[in-house]
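**Q**
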Amino acid sequence: MCGIIGYVGPSKVKNILLQGLSQLEYRGYDSAGIAVVGDDGSIHVEKQVGQVKNLKDHCSTMDFDGHVGIGHTRWATHGGVTRENTHPHKQGKVTLCHNGIIENYQSIITAHGFESQLVSETDTEVAAALFNENFNGDPEECIRKTVNELEGSYAFCIIFEGFADRIYCVRNVSPMVASSTKNGSLLASDLTAVIRYSRRYFVIPEYTITVLYDDHIDLFDMDGNTVTPDILEVNWDMESAQKGGYDPFMLKEIHEQPEAIRKNITPRLVNGIPNFEADGIPADAFDHIKAINVVACGTAMYAGMVGKAIIEPVIKIPVQVNIASEFRYSTPLIDSDTLTIVVSQSGETIDTLAGLRKAKECGSKVLAIVNVKGSTIARESDYVLYTHAGPEIAVAITKAYSVQLASFYLISGYMAMRRGIKTVEETREFIEKLDKTIDAISYVLDNKDIIKKAVKKISVARDCYFIGRGLDYAFSMEGSLKLKEISYIHAEAYAAGELKHGTIALIEEGVPVIAFATQDYVYNKSISNIREVKARGAYVILITKENAVIPEDICDMHLTVPIKDDLFTGLPTVAILQLIAYYTSVSKGLNVDKPRNLAKAVTVE
Ligand code: AGP
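Throughout, the numbering used here is defined as the position within the sequence shown, counted from one, plus 5.
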C-alpha cells in the first residue's frame with residue numbers, strides 16, 4: 006500500500022532515498038517524503054504532495070544531506086492527500102515512516118491525550134507520538150513497549166534522536182526486506198528498491214527489532230534474543246524491473262506474457278507432464294483432496310474463476326472461489342480434505358493472507374500461487390507455486406494473471422493424471438495445448454493494431470459491458486476490471502444469460518458491449534444474448550475462436566483467437582482485453598502504470 010526505503014552507509018543518502026522511492030512508487034503515489042540525519046545529528050524532513058518527481062524537484066534545490074535516512078511514498082488510508090499527512094512523521098525525538106493501518110489509533114489518542122500535539126489526520130503520527138512517549142533513551146525498550154499497545158498492521162522505519170548512526174525497523178503483516186551490502190545497509194518495502202545494490206536480502210521477520218548500521222544489521226526478538234534471518238537470493242535482474250524500451254510498464258508486461266508463461270511451465274514439466282517436486286510439493290499432495298477452496302482478491306480472484314472452470318469439469322470435485330475479504334469473516338465449510346489455493350501476485354494482500362490463516366485454522370492445507378519470492382503469503386503457505394513472472398511494476402496486473410492461469414492448468418493436468426482421469430499421453434497432449442496458447446498470445450500481440458481501432462468507441466463511453474457464458478464469463482470479470490482500473494470508465498461484467506434480468510435496461514444506442522463466444526457448448530445461447538444487446542443499439546465487439554461462423558450484423562467488430570479447444574481460449578482472449586484497456590487508457594491520456602486511487606499491493610483492509 007505504501008513504499009518505504011531506509012539507508013545507513015558511507016554514501017550520501019538523499020539521492021539513494023529519492024531513487025528508491027521512484028522504484029517503490031507503484032505501491033502508492035499520493036505524496037512522498039524523506040528524513041535525513043545530518044552529520045550534526047539533526048533530522049531534516051522534506052515532504053511533497055503528488056508523485057515522487059515533485060519531491061525530487063523540491064529537494065534538488067535544497068542543500069541538505071547525510072548518511073542515514075528514511076523515505077516514504079504514500080497511498081492514503083487515514084487522512085487526505087495533504088502535506089501534513091505525508092510521511093515521515095516527527096513527534097519529539099522520534100521520526101518514522103509507516104506502511105499499514107493502526108486499528109486502535111483513536112483509543113490511543115484518547116488514552117494518552119495526544120489530541121493537542123497532532124498536526125495530521127494519520128494513524129501513523131499517533132504511533133510516532135506513542136513511540137516518543139515510550140522513548141527514554143533506549144530504542145529497543147521503546148519499540149517493545151510500543152508495539153505491545155498497537156493493534157493492526159505495520160512496518161515502521163524509525164530514527165531516534167541521539168542514535169544518528171542507525172535506523173530501526175519493526176513489522177507486523179506489512180512487508181519489509183533488508184540487505185547488508187558492501188556500501189551500507191538498506192531496507193525497503195520490496196525488492197525493486199534493493200536489487201540495484203544487492204541480490205542478497207532477507208525478509209525482516211515479524212515482531213523482530215531490526216537495527217541497520219553502516220556495516221551490519223542486528224536483529225532481536227521481543228525478549229532481546231539475537232535473531233539470524235534466512236538470506237535469500239533475488240531470482241530476477243534489474244533489467245526486468247526496467248521498461249526495456251516499452252513505455253509504460255504495462256505494455257512491456259503485456260508483451261512479456263509468452264516468456265513469463267514459459268518460465269512458469271517449463272521447470273514443472275518432466276517428459277512433457279506436470280511435476281511439482283522441484284517446488285517441494287509431495288507427489289501425493291493433492292491425491293486425497295475432495296474439494297478446492299480458492300481465496301484471492303481482484304484479478305487474482307478472477308484467475309481463480311478460470312481455475313474453477315478448468316478443474317471442476319475434469320477432476321469432478323467442487324472448486325469454490327472466494328473473495329478473500331468476505332472469506333476471512335465467513336464460517337468456511339472446509340476441512341483437511343479441502344485444498345485451499347491462495348492466489349496473489351504480491352504475496353502481501355492482507356485479505357488474502359487473512360484468508361490463508363483462516364483456512365489453516367479449519368485444517369485445510371494451503372497452496373500459494375504467488376509471484377513475489379519470500380513474500381508473507383508464500384512463507385505462511387504449506388506449498389508454494391512461484392509464478393516466475395518476474396517483477397510486475399504496473400499497478401494493473403497482466404502477466405501475473407496469465408501465469409496464475411498457467412498454474413491452474415498445470416494443477417488440473419497433474420491432478421487428472423494422478424487420479425487416472427487422463428492417461429500420461431492425454432496429459433502430455435493437454436500440456437501441449439497449453440503451450441500452444443503461448444503462440445496464440447503472440448498472435449494477438451502481433452495484431453494489436455486491430456485492437457487499437459476497437460477502443461475508439463470505448464474511450465468516449467461512460468459505461469461499458471462485458472458479457473459471456475462459462476469460461477467467457479470469468480474472462481469478462483477480468484476484462485471489466487482492467488478497463489475500470491486504468492481508464493476510469495464504468496464497466497460491468499455479466500453472465501450473458503443474466504443481462505435480460507435487469508441490466509439490459511442500460512443498453513442504449515452506442516453503448517459498447519464486449520461480448521465473448523469462445524465456448525462451443527453455449528455458443529448459440531451466447532449469440533442470442535448478443536443479438537439482444539445489438540437489437541438495442543449496442544456497439545458490439547465480439548471475441549470468438551478463429552473458426553467461428555458468426556451471423557450477419559451480429560457485431561460491429563469481430564476479434565478472434567487462434568485456438569480450437571474451448572478450455573484454452575483464456576490466455577489469448579485476456580491479452581485482447583488487456584490491450585483494450587491499455588489503449589483506452591492511453592487514448593484518454595491517463596497514467597496507465599499508476600492509476601488514481603490504486604496501489605500495487607493492498608496491505609490494508
Ligand atoms: C489487478 O489489476 C488489481 N491491481 C488488483 O485487483 C489485484 O489483482 C488485487 O489487489 C490482488 O493483488 P495480489 O494479486 O497482489 O494479491
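Cβ coordinates follow ideal geometry from the N, Cα and C atoms, glycine included.
(1) So is the beta-carbon of Ala401 under 7 Å away from any non-hydrogen atom of the ligand AGP?
(2) Tell me where the beta strand (DSSP E) around His117 begins and ends.
(3) Measuring CB atoms only, is the stretch 54–74 touching the stretch 34–41, in the sense that at least three cross pairs come out at less than 8 Å?
(4) Taking only heavy atoms of the ligand AGP into account, decide whether any of them is closer than 7 Å to the Cβ of Ser349.
(5) If you draw a straight line from the alpha carbon of Ile456 to that of Ile585, how long is it in whole angstroms?
(6) Would you kindly work out how many angstroms separate the C-alpha atoms of Phe119 and Thr129, rounded to a whole number?
(7) If Leu192 and Cys162 are in contact, beta carbons under 8 Å, what's the gap, nearest whole angstrom?
(8) With C-beta atoms as the reference, is Leu135 less than 8 Å away from Glu154?
(9) Can you give the beta carbon distance from Arg384 to Ser194, rounded, assuming they're within the 8 Å contact cut?
(10) Given 7 Å as the limit, tell me if Glu156 has its C-beta closer than that to any heavy atom belonging to the ligand AGP.
(11) When DSSP labels each residue in this structure, what does Ala500 get in the three-state scheme?
(12) Do Val579 and Ser407 have their C-beta atoms within less than 8 Å of each other?
(13) Tell me the DSSP secondary structure of Thr186 in three-state form.
(14) Which runs of the alpha helix (DSSP H), 4 residues or longer, sit entirely within the stretch 120–191?
(15) According to the neighbour-count rule (16 or more other Cβ atoms, all chains shown, within 10 Å of its Cβ), is Thr608 buried or exposed?
(16) Under DSSP, the alpha helix (DSSP H) around Lys505 begins and ends at which residues?
(17) Comparing alpha-carbon positions, which option in Leu344, Asp570, Gly473 lies nearest Ala522?
(18) For Arg205 versus Glu258, is the C-beta spacing smaller than 8 Å?
(19) Quick check on DSSP: helix, strand or coil for Leu582?
(20) Tell me whether Tyr334 is buried or exposed, calling it buried when 16 or more other Cβ atoms sit within 10 Å of its Cβ.
(21) Starting from the C-beta of Arg536, find all residues in its chain whose C-beta is less than 7 Å away, skip the five residues before and the five after it, and write them out in chain order.
(22) Does the CB of Leu338 have a neighbour CB from chain D at under 8 Å?
(23) Let's see if you can read the secondary structure: which residues bound the alpha helix (DSSP H) around Asp468?
(24) Closest to Tyr587 by C-alpha separation, out of Ile402, Pro396, Gly97, Leu22, would be which residue?
(25) Is the beta carbon of Thr432 less than 8 Å from the beta carbon of Pro180?
(26) Can you tell me whether Thr233 is buried or exposed? The criterion is at least 16 other CB atoms within 10 Å of its CB, across all chains shown.
(27) Would you mind giving the Cβ-Cβ distance between Ile113 and Val131, rounded to the nearest angstrom? I have them listed as a contact below 8 Å.
(28) Taking contact to mean at least 3 C-beta pairs separated by less than 8 Å, is the stretch 590–604 in contact with the stretch 477–492?
(29) Are Ile463 and Thr589 touching if we call contact CB-CB under 8 Å?
(30) Taking the alpha-carbon positions, what's the Phe254 to Val400 distance?
(31) Go ahead and pull the three-state DSSP assignment for Leu338.
(32) Any chance the CB of Val607 is under 7 Å from a heavy atom of the ligand AGP?
(33) How many Å lie between Asn280 and Pro263 at the Cα?
(34) Does DSSP classify Leu29 as helix, strand or coil?
(35) Could you spell out where the alpha helix (DSSP H) holding Ala411 opens and where it closes?
**A** If we stick to the structure as given:
(1) The answer is yes for Ala401.
(2) For His117, no beta strand (DSSP E) run applies; the uninterrupted alpha helix (DSSP H) run containing it begins and ends at 110–117, by DSSP.
(3) At 8 Å Cβ cutoff, the stretches touch.
(4) At least one heavy atom of the ligand AGP lies less than 7 Å from the C-beta of Ser349.
(5) Distance from the CA atom of Ile456 to the CA atom of Ile585, rounded to whole angstroms, is 6 Å.
(6) About 13 Å.
(7) With a Cβ gap of about 7 Å, Leu192 and Cys162 count as contacting.
(8) In contact: Leu135 and Glu154 (Cβ atoms closer than 8 Å).
(9) Not quite, the Cβ-Cβ distance comes to about 16 Å (not below 8 Å), so this is no contact.
(10) It does not: the Cβ of Glu156 is nowhere closer than 7 Å to a heavy atom of the ligand AGP.
(11) Collapsing the DSSP output to three states places Ala500 in a strand.
(12) Taking 8 Å as the Cβ cut-off, Val579 and Ser407 qualify as a contacting pair.
(13) Note: Thr186 maps to strand in three-state DSSP.
(14) The qualifying runs are 128–139, 144–154.
(15) By the neighbour-count rule (16 or more Cβ atoms within 10 Å), Thr608 is buried.
(16) No alpha helix (DSSP H) contains Lys505, which DSSP labels as neither H nor E.
(17) For Ala522, the closest of Leu344, Asp570, Gly473 by C-alpha to C-alpha distance is Gly473.
(18) No, Cβ-Cβ distance for Arg205 and Glu258 is not below 8 Å.
(19) In the three-state DSSP reduction, Leu582 falls in the helix class (H, G or I).
(20) Label assigned to Tyr334: exposed.
(21) Within the same chain, Arg536 has close Cβ partners Ile559.
(22) Absent here is chain D; the protein component of the structure consists of one chain.
(23) Run containing Asp468: none in the alpha helix (DSSP H); it sits in the beta strand (DSSP E), 468–473.
(24) Selection Ile402, Pro396, Gly97, Leu22 evaluated against Tyr587 yields Ile402 as nearest (Cα-Cα).
(25) Pro180 sits away from Thr432, with the two beta carbons spaced by 8 Å or more.
(26) With fewer than 16 Cβ atoms within 10 Å of its Cβ, Thr233 is classed as exposed.
(27) About 5 Å separates the beta carbons of Ile113 and Val131, which is inside the 8 Å limit, making them a contact pair.
(28) Result yes; three or more Cβ-Cβ pairs closer than 8 Å.
(29) Yes. Within cutoff.
(30) C-alpha separation (whole angstroms): 9 Å.
(31) Leu338: coil per DSSP, three-state reduction.
(32) Yes, the ligand AGP has a heavy atom inside 7 Å of this Cβ.
(33) For Asn280 and Pro263, the distance between alpha carbons rounds to 21 Å.
(34) In the structure shown, Leu29 falls within a helical segment according to DSSP collapsed to helix, strand and coil.
(35) That run of the alpha helix (DSSP H) goes 404–423.
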